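J.: Numbering (the numbering used here), first residue to last: 30 to 297.
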Amino acid sequence: MTYTWLYAVAPADTGAPPPGTPGGVAGEHPRTVGAGGLLAVVGSVPDPDFDAEALQRRLRDPQWLEPAVRAHHRVVSATAGRALPVRFGTVYRDDDRVRALLTAHADAFRTALARVADRTEWGVKVHLDKARLDEARANADPAAATGTGGPPDDDRPGTAYLLRRRAARDRDTRELSDAAARARQVHLALTGLADHSTEHPPQPPEATGVRDPMLLNGAYLVHRSREAGFARAVRGLREQHAPVLRLELTGPWPPYSFVDLPTGDGAP
Numbered sequence: 030m031t032y033t034w035l036y037a038v039a040p041a042d043t044g045a046p047p048p049g050t051p052g053g054v055a056g057e058h059p060r061t062v063g064a065g066g067l068l069a070v071v072g073s074v075p076d077p078d079f080d081a082e083a084l085q086r087r088l089r090d091p092q093w094l095e096p097a098v099r100a101h102h103r104v105v106s107a108t109a110g111r112a113l114p115v116r117f118g119t120v121y122r123d124d125d126r127v128r129a130l131l132t133a134h135a136d137a138f139r140t141a142l143a144r145v146a147d148r149t150e151w152g153v154k155v156h157l158d159k160a161r162l163d164e165a166r167a168n169a170d171p172a173a174a175t176g177t178g179g180p181p182d183d184d185r186p187g188t189a190y191l192l193r194r195r196a197a198r199d200r201d202t203r204e205l206s207d208a209a210a211r212a213r214q215v216h217l218a219l220t221g222l223a224d225h226s227t228e229h230p231p232q233p234p235e236a237t238g239v240r241d242p243m244l245l246n247g248a249y250l251v252h253r254s255r256e257a258g259f260a261r262a263v264r265g266l267r268e269q270h271a272p273v274l275r276l277e278l279t280g281p282w283p284p285y286s287f288v289d290l291p292t293g294d295g296a297p
C-alpha cells in the first residue's frame, strides 16, 4: 500500500513532470493527479514509512529530514513558474483524496495561481556588519580603537575604565538602533519593487552560523521581468548602507512564503 505525497498544484495545461524531474522524498518519480481543472504534482510513498506515526518520527530525524526537504524542493522547483508549492510533509491516503481537495478548493487554488503566476520568491537577509563597522571606526579614530589615553583594562579598573565601558555600551546601543532603522529602510525599498513582501522572524546565530544579529529576514515576490532590476536594487542598497549592514540576496525560489493553501483532511 502507498500514500500520496503532495508537492505542488498547477493549472491543468501544465502537463506531467518531465522525465528528468528529480526523484521525490521516497525516490519515486513524480506524477500528476487531475481534478477541477487543476493538476496536483504528487508521488507515491510507501505505507510503512509515511503513515502518521512514522512520518512524525521522520520529521524529528535530521538525517532523514534534510535530504527529504531537498528532494521536495527539487520537485517543486522543476514545476515552478506556474505551480503552487505545497508545504513539506503534506500526505494523503490516496489519489482520490487529492482529487477531492482539488475539486473542493478549486477557486482558492486558481486565485493563488493567478497571484504567483510568472513570479518568483527572493530572500534578503540583513545583518549588522560589526567587523566592518569596527574597522571603519578604527580608521576614523585610531586612538579610540587602541585605547590610547586610558588605563589598561586589567591593571587599573578605575573610574576612567568604567566610563569607557559605559561609553562603549552606549555606542553599541546607538549603532544597533541605527542599523535596525536602516534595515527597515531596506525592507520598505524592496517592498516597493515587489508585488508582495513578508517578513520571517530573524534567525538566531545558532541557525545561521553568523554572530552578528540578523535585523531583517525578508521575502519578496517579484515578477520575472523585474528580477534583474530587483537584484540591482539590492546591490545598490548594499553599497548605500555599508559598512553598517551586510545584505545577503538568495533566489529565485518557488513562492513558498506567498502560498497558504487549503490542504483538507486526507492525511493518513
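The beta-carbon is built from N, C-alpha and C at its ideal position, and this holds for glycine as well. All values reported here derive from a predicted model rather than from experimental measurement.
Determine which residues share a DSSP beta bridge with residue 148 and list them.
T.: Residue 148 pairs with 252.
J.: What does a CB cutoff of less than 6 Å around residue 30 pick up in its chain, not counting 5 residues either side in sequence?
T.: Taken in chain order, the residues that qualify are 76.
J.: Can you list, in chain order, the stretches of the alpha helix (DSSP H) that have 4 or more residues and sit fully within the region 229 to 291?
T.: Listed in chain order, the complete alpha helix (DSSP H) runs (minimum 4 residues) inside the region 229 to 291 are 234 to 237 and 256 to 269.
J.: What does a CB cutoff of less than 7 Å around residue 283 pick up in its chain, not counting 5 residues either side in sequence?
T.: The residues are 105, 106, 109, 114 and 150.
J.: Please classify residue 178 as buried or exposed, where buried requires at least 16 other C-beta atoms within 10 Å of its C-beta.
T.: Reliability fails at residue 178, whose pLDDT of 47 lies under 50, so the model's placement of it is uncertain and the value that follows must be treated cautiously. Its Cβ having fewer than 16 others within 10 Å, residue 178 is exposed.
J.: Per DSSP, what kind of secondary structure is residue 40 in: helix, strand or coil?
T.: It is a strand residue.
J.: Considering only C-alpha positions, which residue in the set 61, 72, 255 and 33 is nearest to residue 224?
T.: Considering only alpha carbons, the answer is 255.
J.: Could you give the C-beta distance for residue 22 and residue 36, rounded to a whole number, given that I count them as a contact under 8 Å?
T.: Since the first residue of the chain shown is 30 and the last is 297, residue 22 is not available in this structure.
J.: Below 8 Å, can you find three or more Cβ-Cβ pairs linking the region 258 to 275 to the region 86 to 94?
T.: Output reads no: the region 86 to 94 does not touch the region 258 to 275.
J.: What is the DSSP secondary structure of residue 30, counted as helix, strand or coil?
T.: Reduced to three states, the DSSP call for residue 30 is coil.
J.: I'd like the span of the alpha helix (DSSP H) that includes residue 91, first residue to last.
T.: Element bounds for residue 91: 91 to 107.
J.: Three-state secondary structure (DSSP) at residue 217?
T.: Reduced to three states, the DSSP call for residue 217 is helix.
J.: Return helix, strand or coil for residue 157, following the three-state DSSP convention.
T.: Looking at residue 157 - three-state DSSP - the assignment turns out to be strand.
J.: Would you decide whether residue 70 is buried or exposed? Buried here means 16 or more other CB atoms lie within 10 Å of its CB.
T.: Counting Cβ neighbours within 10 Å, residue 70 comes out buried, since at least 16 surround it.
J.: Which residues does DSSP pair with residue 67 in a beta bridge?
T.: For residue 67, which the question treats as bridged, DSSP gives the partners 40 and 64.
J.: Going by the DSSP bridge assignment, what does residue 72 pair with across the sheet?
T.: DSSP, once it has assigned bridges, lists 34 as partnering residue 72.
J.: Under the rule that 16 or more other beta-carbon atoms within 10 Å means buried, what is residue 291, buried or exposed?
T.: Exposed.
J.: Note down the Cα distance separating residue 101 from residue 199, rounded to an integer number of angstroms.
T.: Going from the Cα of residue 101 to the Cα of residue 199 covers about 47 Å.
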